[in-house]
Amino acid sequence: MNDLSTRITMDPQVCHGQPVVRGLRYPVQMLLDLLSSGMTIEEILADYEDLEREDLLAVLAYAARLSRVKRMEPIGT
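Taking the numbering used here, the leading residue of the sequence shown gets 368, the next gets one more, and so forth.
Below, the structure is given as structure tokens:
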């Protein structure tokens with residue numbers, strides 16, 4: 368997604384530097400929680416009118432990018 372850097376922003380002055388959507392104080396984590404709870408994109412857009420469909424797609428793309436790992440090491444055995 369080419370516009371990921373314009374949709375997902377981090378600013379120490381906004382939500383303590385957490386990744387948010389377009390500086391609107393909607394943390395990526397909160398939107399992922401809503402999506403994983405079963406809310407549809409349409410339901411979220413209806414509840415948060417200043418969000419756009421592309422914002423939620425950017426949230427998903429951001430999460431997908433963060434989930435990519437090269438290898439995993441076991442934590443303590």
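Virtual Cβ for every residue (Gly too), placed ideally from N, Cα, C.
On the three-state DSSP scale, how would you describe R432? Position 65 of the sequence shown, counted from the first residue, corresponds to residue 432. Note: R432 maps to helix in three-state DSSP.
Could you compute how far the alpha carbon of V436 sits from the alpha carbon of Y415? Numbered from its first residue, the sequence shown carries residue 436 at position 69. Numbered from its first residue, the sequence shown carries residue 415 at position 48. If you take the alpha carbons of V436 and Y415, they lie about 32 Å apart.
Helix, strand or coil for D378, going by three-state DSSP, please let me know. The sequence position of residue 378 within the sequence shown is 11, counting from 1. Three-state result, D378: strand.
Cα-Cα separation between P386 and L424, rounded to whole angstroms: Working through the sequence shown from its first residue, we reach residue 386 at position 19. Working through the sequence shown from its first residue, we reach residue 424 at position 57. Those two C-alpha atoms are separated by around 14 Å.
Taking only runs of the alpha helix (DSSP H) that begin and end inside the stretch 389–430, which ones reach a length of at least 4 residues, in chain order? 395–403, 408–414
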